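A quick write-up on the structure given underneath.
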Amino acid sequence: MNSQYKKGVLELCVLALLSERDCYGYEISDRLSQSIDIADGTVYPILRKLKADGLLTTYLQEASGGPPRKYYKLTSLGAESFARDRAEYLEFAAAVQKLLEADKNDKG
Amino acid sequence: MTRDEFMGRLERELLARKVPEPEDILSEYRRHFEYKLADGYSEEETAARLGDPAELAAQFEPEEVQELKRRGGSAGRSALTWTGLVFADLFVFSFLAVFAAWVVVVACAAVSAGLVALCLLLPFDMQPYVQLPEMPYWCGALHALALAALTVLAAEGCGYFARLLAQLCRSWARFQRNAAAAAAGRAVLPPVPAWPRLEPKRRRRLRRVLTISLAAFVVFAAAAMVTSMLTAGAFEYWHTWGWFM
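For the protein sequence lines, the chains are A and B, in the order given.
For what it's worth, the numbering used here labels the leading residue of the first sequence as 1, then goes sequentially.
For what it's worth, the numbering used here labels the leading residue of the second sequence as 1001, then goes sequentially.
Printed below as a string of structure tokens:
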């Protein structure tokens, strides 16, 4: 898959996880790599980019038995952007699926 | 790859790429190792799952930098661009010099038309200093009014051409800078338009002055000639008054 495209989709996935609740970096990496086959390290550049774009903010929170964790949180801009991109992606994915399945039926 | 090897490589790559705030990034990966090790994974396994440090570091580069690298600037392209620009300069600078001369010519026309109009209007004899052909005062006054209109026209033209010249120089300088920057793979600034940007109000005023002075020039010049012909009683009044003797 085109790497630019994949990056865009991964950004959308990160926003989806954060729209449920605030997470720290490792948590996002862990949850994402459970469902999608990507290198664990790729999540951190995405988090940084989203933060630079103003879609995320970070805050530190004390963790039991360890140094404080850096939590990521959606900004209002991030929430807005997620809602829009999510709708766009779902529409696009549905269209693609329809097309691919029609193709398969023709051959079969 | 052990944790220290991974972290060392990542740090080197980040520094080599001049990624801002490398310490912040490194601490995220350090934490990642801590969590994984606590979950019972080995350092090697964790490092392998994280991916190649060089590739990760590349992903931290801001997108504009990545874009520039993709387009790529090179010394060869840079040299070629500069050669082209120097040759183009030969023509552009000649043109700009000629244009500057034109601005001076129009300025001289404005000044001389203005002076002649003044001398024609002032009703006393300036014979030793000013050599103007003999003519009845009212014919002279009409000629003077035509010349005054021409003065305004030329002065406005001179102002506009000077402004255009300055804008052309700026536009060319920006083009040159951008061409060199693009060839070297550096960032490009927005281009500067070649035509002067006047505010609408100012443009309207300029156009009004232009129209009025042009109309005044035509009307007064025609009136001056007709009056002179009638006064002299001949079509070629300049011969009657012996202007070119």
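All C-beta atoms, glycine included, are put in the ideal place defined by N, C-alpha and C.
From a predicted model like this one, the values you see are computed outputs, not experimental measurements.
- Listed along chain B, the residues sitting closer than 7 angstroms to alanine 39(A) by beta-carbon distance are Arg1049, Leu1050, Gly1051.
- Within chain A, the residues placing a beta-carbon under 7 angstroms from that of glutamate 1028(B) are Gly25, Tyr44, ordered along the chain.
- For leucine 1056(B), the neighbours in chain A by C-beta distance under 9 angstroms run, in chain order, Ala39, Gly41, Thr42, Tyr44, Pro45.
- When the five nearest sequence neighbours on each side are left out, the beta carbons in the same chain lying within less than 6 angstroms of the beta carbon of glutamine 1167(B) are those of Pro1196, in order along the chain.
- Residue-level contact by beta carbon holds for serine 29(A) and chain B, with a gap shorter than 8 angstroms.
- Residue environment analysis places tryptophan 1172(B) among the buried positions, since at least 16 neighbouring C-beta atoms fall within 10 angstroms of its C-beta.
- One alpha carbon belongs to proline 45(A), the other to leucine 1056(B), and they sit about 7 angstroms apart.
- Under the DSSP definition of a beta bridge, arginine 69(A) partners with Gln61(A).
- The alpha-carbon separation between phenylalanine 1099(B) and valine 1219(B) amounts to approximately 30 angstroms.
- According to the DSSP assignment, alanine 1016(B) belongs to the alpha helix (DSSP H) that extends over 1003-1016.
- Each of Thr42(A), Leu77(A), Ala63(A), Glu101(A) was checked against the Cα of glycine 54(A), and the nearest Cα belongs to Leu77(A).
- Counting the other Cβ atoms within 10 Å of the Cβ of alanine 1038(B) gives fewer than 16, which makes it exposed.
- If you ignore the 5 residues before and after alanine 1146(B), its C-beta comes within less than 7 angstroms of the C-beta of Phe1217, Phe1220, Ala1221, Ala1224, all in its own chain and listed in chain order.
- The beta carbons of leucine 56(A) and threonine 75(A) sit about 6 angstroms from each other, so the pair counts as a contact at 8 angstroms.
- Judged by DSSP in its simplified three-state form, leucine 1056(B) adopts helix.
- With a cutoff of 8 angstroms on beta-carbon distance, tyrosine 72(A) and arginine 1031(B) are scored as not near each other.
- Contact note: arginine 21(A) does not reach chain B at a C-beta cutoff of 7 angstroms; the least C-beta distance is about 18 angstroms.
- Put simply, of Pro1193(B), Arg1186(B), Thr1151(B) the residue whose alpha carbon is nearest the alpha carbon of arginine 1174(B) is Pro1193(B).
- Taking a Cβ-Cβ threshold of 7 angstroms, none of the residues of chain B is close to arginine 86(A); the smallest such distance is about 22 angstroms.
- For proline 1200(B), the enclosing alpha helix (DSSP H) covers residues 1200-1232.
- Take the alpha-carbon of valine 1092(B) and the one of glutamate 1236(B): they are about 46 angstroms apart.
- With a threshold of 16 other beta carbon atoms within 10 Å, serine 1074(B) falls short and is exposed.
- Distance check between glycine 1185(B) and each of Ser1078(B), Leu1014(B), Ala1107(B), Cys1119(B) places Ser1078(B) closest, using alpha-carbon atoms only.
- DSSP places tyrosine 44(A) in the helix class (H, G or I) of the three-state scheme.
- In the pairwise beta carbon analysis, the segment 1104-1124 of chain B is classified as touching the segment 1135-1149 of chain B: at least three pairs are separated by under 8 angstroms.
- Residues of the segment 1031-1046 of chain B that bring their beta carbon within less than 7 angstroms of a beta carbon in chain A comprise Arg1031, His1032, Tyr1035, in sequence order.
- Taking the Cβ atoms as the reference, alanine 1047(B) lies roughly 20 angstroms from arginine 1017(B), outside the contact range of under 8 angstroms.
- Here the C-alpha atom of aspartate 22(A) lies approximately 30 angstroms from the C-alpha atom of glycine 1008(B).
- Each residue's CA atom was taken as its position, placing leucine 17(A) and isoleucine 28(A) some 7 angstroms apart.
- The C-beta separation of glutamate 1011(B) from proline 1022(B) comes to about 7 angstroms, placing the pair in contact by the 8 angstroms criterion.
- Leucine 1132(B) carries a coil assignment under DSSP once its states are collapsed to helix, strand and coil.
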